[in-house]
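Enquirer: Supplied in structure tokens, the structure appears directly below.
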Amino acid sequence: MNKYKVIYYMSVFAFIVNAFAMIGTLFGWFYFVESKYLFWINLVLLSILNWLKKKEKNDEQV
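Take 695 as the starting number for the sequence shown in this note's numbering and just add one per residue.
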């Protein structure tokens, strides 16, 4: 996981920020992008996190 540690932590950070942005947009605290785009960005970030977890499992097996 050492090779992908930076990517993993950046993805986790982006996911958390994106979730807060989505909640803030829904409550009307701020408006900079439509919440539907934030939803799709969260799906992409989740797929990246799943890919990194699979890479970690494969690296441990080898």
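Cβ coordinates follow ideal geometry from the N, Cα and C atoms, glycine included.
Bear in mind that the values here come from a model prediction, so they are computed numbers and not experimental data.
Please classify serine 741 as buried or exposed, where buried requires at least 16 other C-beta atoms within 10 Å of its C-beta.
Expert: On the sequence shown, residue 741 is found 47 positions in, with the first residue counted as 1. It is exposed - the Cβ of serine 741 has fewer than 16 other Cβ atoms within 10 Å.
Enquirer: Between asparagine 707 and leucine 739, what straight-line distance do the alpha-carbon atoms span, to the nearest angstrom?
Expert: Position 13 of the sequence shown, counting from 1, holds the residue named residue 707. Position 45 of the sequence shown, counting from 1, holds the residue named residue 739. Correcting the residue identity first, residue 707 is phenylalanine in this sequence and not asparagine. Taking the straight line joining both Cα atoms gives about 10 Å.
Enquirer: Could you tell me the boundaries of the alpha helix (DSSP H) in which glycine 718 lies?
Expert: Position 24 of the sequence shown, counted from the start, is the residue given in the question as residue 718. Segment 699-721, the alpha helix (DSSP H) holding glycine 718.
Enquirer: Go through its chain and collect everything with a Cβ distance to methionine 704's Cβ below 6 Å, but skip five positions before and after it.
Expert: Within the sequence shown, numbered from 1, the residue matching residue 704 stands at position 10. There are no such residues.
Enquirer: Return helix, strand or coil for tyrosine 731, following the three-state DSSP convention.
Expert: What you label residue 731 is simply residue 37 of the sequence shown in a count that begins at 1. In this structure, tyrosine 731 counts as helix in the three-state DSSP scheme.
Enquirer: Kindly indicate which residue of Lys699, Glu750 and Ile717 has the alpha-carbon position closest to the one of leucine 732.
Expert: By one-based count along the sequence shown, residue 732 stands at place 38. Answer by Cα proximity: Ile717.
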